[in-house]
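Report on the following structure.
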Amino acid sequence: MATKSANLYARIEPEVKEQAESILSALGIPASNAINMFYKQIILQRGLPFEVKMPASKPVDMSALSEEQLSAELEKGYVDMIAGKTKPASKAFADIRKDYGV
0 MATKSANLYA RIEPEVKEQA ESILSALGIP ASNAINMFYK QIILQRGLPF
50 EVKMPASKPV DMSALSEEQL SAELEKGYVD MIAGKTKPAS KAFADIRKDY
100 GV
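First residue of the sequence shown: 0, per numbering that gives the first Met the number 0; consecutive thereafter.
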């Protein structure tokens, strides 16, 4: 095993650091090991080990919509609900709790 002697200094948002380190701690993985794994995956993949692209569409800023635009967005949601493309909030939150252990 190679000796770990190189240092890495990076500035990140405090909230991002705190949230990530909390998850890593729950997994029993020190941040330095996670960073090392990330770098090794960059080497193996010859690039970032995940897809980086712009989302197909931007989230709608409801506060910036006119009354007509807001009505149109609400109508879209209603049509999805009638078509069965939604799930109850209780199910959505239960799925989140199950998937993320919260």
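Think of the CB as a built atom: it goes at the ideal place given N, C-alpha and C, for glycine as much as any other residue.
Straight-line spacing of the CA atoms in Asp-94 and Ala-88 works out to 10 Å.
About 6 Å separates the beta carbons of Val-59 and Glu-72, which is inside the 8 Å limit, making them a contact pair.
Where Pro-13 is concerned, the enclosing alpha helix (DSSP H) starts and stops at 13–26.
A check of alpha carbon separations from Lys-3 across Ser-65, Glu-14, Met-36 identifies Met-36 as the nearest. Annotated three-state conformation of Ala-1 is coil, per DSSP. Annotation note: the stretch 18–99 contains the following uninterrupted alpha helix (DSSP H) runs of length 4 or greater, listed N- to C-terminal: 30–44, 66–81, 88–99.
A Cβ-Cβ contact shorter than 9 Å links Gln-40 with Pro-48. Exclusion of the five residues before and after Thr-85 leaves Asp-79 as the residues of its chain whose Cβ lies within less than 7 Å of its Cβ.
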